[in-house]
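**Student:**
Numbering (our numbering), first residue to last: -17 to 173.
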């Protein structure tokens, strides 16, 4: 049972502000005790987030986990914005990842999924963005797209779909990762 956008007064982790999602979650969970998993997504707010902003997110998530111990809360990184490994987004995503690893939390690593093609080739250091565009020659221009390149050389190995803000292949990868995540949360061992 997937309930997309059931919350009132917040639409993502940054809208209308960086904290409204937390009270919306509390209100919803108090009215719906049958809920056992919650995941909130960022739009583009991690790109402009400060270290303190991400600490607020992590603290609010921890408070929800403490107050709703029967609910699995899934943390999330922000989507790629073309600033590469030297950008603020990368640093803030690393902050989230470090916290999740250190505290054995659940993470849907959106940025990591957008960083690699199915062959394992990384594009984050080539300033990839969420549309899978990247700088192929280091001149500062996003002149190639790893997803469309892979789709063109691997016909029949991906599903054509509508994927918001990205290419079908990346939508496929995110769907596979979501399936894996939900199965693991439900108790599947992963083998």
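Even for Gly, the Cβ is constructed at its ideal location relative to N, Cα and C.
Kindly provide the ranges of any alpha helix (DSSP H) runs that are 4 or more residues long and lie completely inside the segment 8 to 89, ordered along the chain.
**Tutor:** Whole alpha helix (DSSP H) segments, 4+ residues: 33 to 49 and 70 to 85.
**Student:** Grouping DSSP H, G and I as helix and E and B as strand, with all else coil, what is residue 127?
**Tutor:** It is a strand residue.
**Student:** May I have the straight-line CA-CA distance separating residue 8 from residue 46, to the nearest angstrom?
**Tutor:** Each residue's alpha carbon lies about 7 angstroms from the other.
**Student:** Determine, using beta carbons only, whether residue 1 and residue 28 come nearer to each other than 8 angstroms.
**Tutor:** No, they are not a contact pair.
**Student:** Determine whether the beta carbon atoms of residue 57 and residue 78 lie at a separation below 8 angstroms.
**Tutor:** The answer is yes: Cβ separation under 8 angstroms.
**Student:** Measuring CA to CA, which of 161, 113 and 92 is closest to residue 150?
**Tutor:** Ranking 161, 113 and 92 by Cα distance to residue 150 puts 113 first.
**Student:** Anyone know if the C-beta pair for residue 6 and residue -3 falls short of 8 angstroms?
**Tutor:** Cβ atoms of residue 6 and residue -3: not closer than 8 angstroms.
**Student:** Have a look at residue 111 and residue 37 and give me their C-alpha separation to the nearest angstrom.
**Tutor:** Spanning the two alpha carbons is a distance of roughly 24 angstroms.
**Student:** Could you tell me the boundaries of the alpha helix (DSSP H) in which residue 150 lies?
**Tutor:** Here the alpha helix (DSSP H) through residue 150 covers 150 to 167.
**Student:** Give the secondary structure of residue -3 by DSSP, where H, G and I count as helix, E and B as strand, and everything else as coil.
**Tutor:** Of the three classes helix, strand and coil, the one that applies to residue -3 here is strand, per DSSP.
**Student:** Assign residue 62 to one of two classes, buried (16 or more other C-beta atoms within 10 Å of its C-beta) or exposed (fewer than that).
**Tutor:** That one is buried.
**Student:** Hey, out of 15, 32, 80 and 86, whose CA is closest to residue 52's CA?
**Tutor:** Measuring from the Cα of residue 52, the nearest candidate turns out to be 15.
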